[in-house]
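Everything below concerns the one structure shown next.
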Amino acid sequence: MELEEDLKIQYDSLESEISKFRKWAIFLAFVAFIPFPIAAIFNFIIFDSFLTLADFGGYVGGVASPFGAISGILFVYVAFLGQRQQLLFTQQEIRINQIELRETREEIKGQKEQLELQNKQFQIQSFDSTFFKLIDYYSDQIDKNFPSNTQSVRANFKLFGEKLQKFSSKDYSEKETRVEILNNRGDYFNSYFDKYKDQIELIMRCVYSITAHIHSNRELIDIKYYHNLFYGVLSKTEINLIFYGFLSTSGIYTPIHERILAQFLRNFEASRLFATTDKSLLQEIPEPE
1 MELEEDLKIQ
11 YDSLESEISK
21 FRKWAIFLAF
31 VAFIPFPIAA
41 IFNFIIFDSF
51 LTLADFGGYV
61 GGVASPFGAI
71 SGILFVYVAF
81 LGQRQQLLFT
91 QQEIRINQIE
101 LRETREEIKG
111 QKEQLELQNK
121 QFQIQSFDST
131 FFKLIDYYSD
141 QIDKNFPSNT
151 QSVRANFKLF
161 GEKLQKFSSK
171 DYSEKETRVE
181 ILNNRGDYFN
191 SYFDKYKDQI
201 ELIMRCVYSI
211 TAHIHSNREL
221 IDIKYYHNLF
231 YGVLSKTEIN
241 LIFYGFLSTS
251 GIYTPIHERI
261 LAQFLRNFEA
271 SRLFATTDKS
281 LLQEIPEPE
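Its first residue numbered 1, the sequence shown is counted upward by one per residue in full-length UniProt numbering.
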């Protein structure tokens with residue numbers, strides 16, 4: 001804004017100088033022309049003789065030339081001021097173009113941010129749609145393969161839980177290594193649920209699909225929030241089925257699969273597990289990258 005005011009002041013100043021010097025140039029040009037009619041009158045009318053033509057020629061040249069020269073210099077100076085004025089016009093146009101370009105950039109930036117926001121919202125909506133469809137599919141498989149009214153399943157979980165609860169924290173920390181504990185948990189789990197092996201593998205694939213979907217979109221969403229959403233739909237039976245189903249199959253997963261599943265299992269409350277100390281078995285599994 002200050003630059004525009006400065007350009008306007010310079011433009012007005014040049015306009016004033018151009019007007020002033022143009023008037024002087026025209027006036028001097030007129031003065032330089034005056035000797036010609038005077039010389040003609042005196043030479044041809046009053047004296048009516050060609051003998052004094054040289055004298056009058058010298059008179060005309062001596063009087064008109066200085067005024068004409070000064071007038072010419074002033075016209076050249078006026079032309080120079082006009083070029084300066086044109087440069088101011090050019091500067092003003094550049095300034096306007098810069099402002100328009102800046103506004104265009106800001107507009108494009110705003111549009112880009114709006115598009116990015118819309119794209120992110122679309123991605124989140126797409127993620128949510130897939131996430132809840134996977135949850136629904138998981139729930140359907142639970143209902144089909146482990147219906148709550150199946151007496152044998154409830155009985156097996158009851159016996160499995162009682163078996164695990166016999167281990168005290170002292171036995172856990174002093175008598176068994178992590179590998180031994182994992183082997184024991186796997187043996188106990190398989191002994192009670194061997195006939196449900198295919199169903200459990202299906203459930204674990206469902207769980208992995210959900211957790212992998214969350215992990216693959218970690219830059220878009222809050223992993224903790226969606227882990228808690230999934231965790232919130234699990235019953236205590238499902239929590240133990242998933243947790244010990246994971247431990248019983250430890251070693252068959254690829255490292256990244258194991259880390260993604262372990263990251264989700266860390267959200268499980270120890271108090272809801274059959275053996276509360278078993279949650280520490282996840283400590284040695286690194287977080288996924």
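The beta-carbon is built from N, C-alpha and C at its ideal position, and this holds for glycine as well. As the structure is a prediction and not an experimental result, all values here were calculated from the model.
#1: First and last residue of the alpha helix (DSSP H) that includes residue 262?
#2: Let me know if residue 232 comes out buried or exposed under the rule of 16 or more other beta-carbons within 10 Å of its beta-carbon.
#3: Looking only at C-alpha atoms, which of 253, 271 and 243 sits nearest to residue 282?
#4: So for residue 222, helix, strand or coil by DSSP?
#5: Would you tell me roughly how many angstroms separate the C-alpha atoms of residue 51 and residue 26, rounded to the nearest one?
#6: Short of 6 Å in beta carbon distance, which residues of its chain neighbour residue 264, apart from the five on each side in sequence? Order them along the chain.
#7: If you draw a straight line from the C-alpha of residue 284 to the C-alpha of residue 115, how long is it?
#8: Quick one: using the 10 Å Cβ neighbour count with 16 as the cut-off for buried, is residue 248 buried or exposed?
#9: The alpha helix (DSSP H) that contains residue 298, what's its start and end?
#10: Buried or exposed for residue 261, going by 16 or more other Cβ atoms inside 10 Å?
#11: Nearest to residue 19 by alpha carbon, out of 161, 78, 10 and 205?
#12: Tell whether a beta-carbon distance below 8 Å holds between residue 160 and residue 132.
#13: Going by other Cβ atoms of all chains shown within 10 Å of its Cβ, with 16 needed for buried, is residue 258 buried or exposed?
#14: How long is the line joining the alpha carbons of residue 255 and residue 213, rounded to whole angstroms?
According to the structure shown:
#1: For this step, residue 262 is matched to residue 262 along the sequence shown. Here the alpha helix (DSSP H) through residue 262 covers 255-265.
#2: Numbered from its first residue, the sequence shown carries residue 232 at position 232. Exposed is the call here.
#3: Within the sequence shown, numbered from 1, the residue matching residue 282 stands at position 282. Selected option, being the one with the closest Cα: 243.
#4: Walking along the sequence shown from the start, residue 222 turns up at place 222. Collapsing the DSSP output to three states places residue 222 in coil.
#5: As a position in the sequence shown, residue 51 is number 51, starting the count at 1. As a position in the sequence shown, residue 26 is number 26, starting the count at 1. Residue placement at residue 51 cannot be trusted, given a pLDDT of 46 that sits under 50; the coordinates are not used to answer.
#6: Position 264 of the sequence shown, counted from the start, is the residue given in the question as residue 264. Result list for residue 264: 211 and 227, in chain order.
#7: As a working mapping, residue 284 is identified with position 284 in the sequence shown. As a working mapping, residue 115 is identified with position 115 in the sequence shown. Cα to Cα, residue 284 sits roughly 42 Å from residue 115.
#8: Counting from one through the sequence shown, the residue named residue 248 turns up at place 248. Buried, by the Cβ-count rule.
#9: Given a span of 1 to 289 for the chain in the structure shown, any question on residue 298 remains unanswerable.
#10: For the purposes of this step, residue 261 is taken as the residue at position 261 of the sequence shown. Counting Cβ neighbours within 10 Å, residue 261 comes out buried, since at least 16 surround it.
#11: Position 19 of the sequence shown, counting from 1, holds the residue named residue 19. It is 78.
#12: Residue mapping note: residue 160 aligns to position 160 of the sequence shown, counting from 1. Residue mapping note: residue 132 aligns to position 132 of the sequence shown, counting from 1. Note that the C-beta distance between residue 160 and residue 132 is not below 8 Å.
#13: Here residue 258 corresponds to residue number 258 of the sequence shown, with the count starting at 1. Under this definition residue 258 is a buried residue.
#14: By one-based count along the sequence shown, residue 255 stands at place 255. By one-based count along the sequence shown, residue 213 stands at place 213. Those two C-alpha atoms are separated by around 17 Å.
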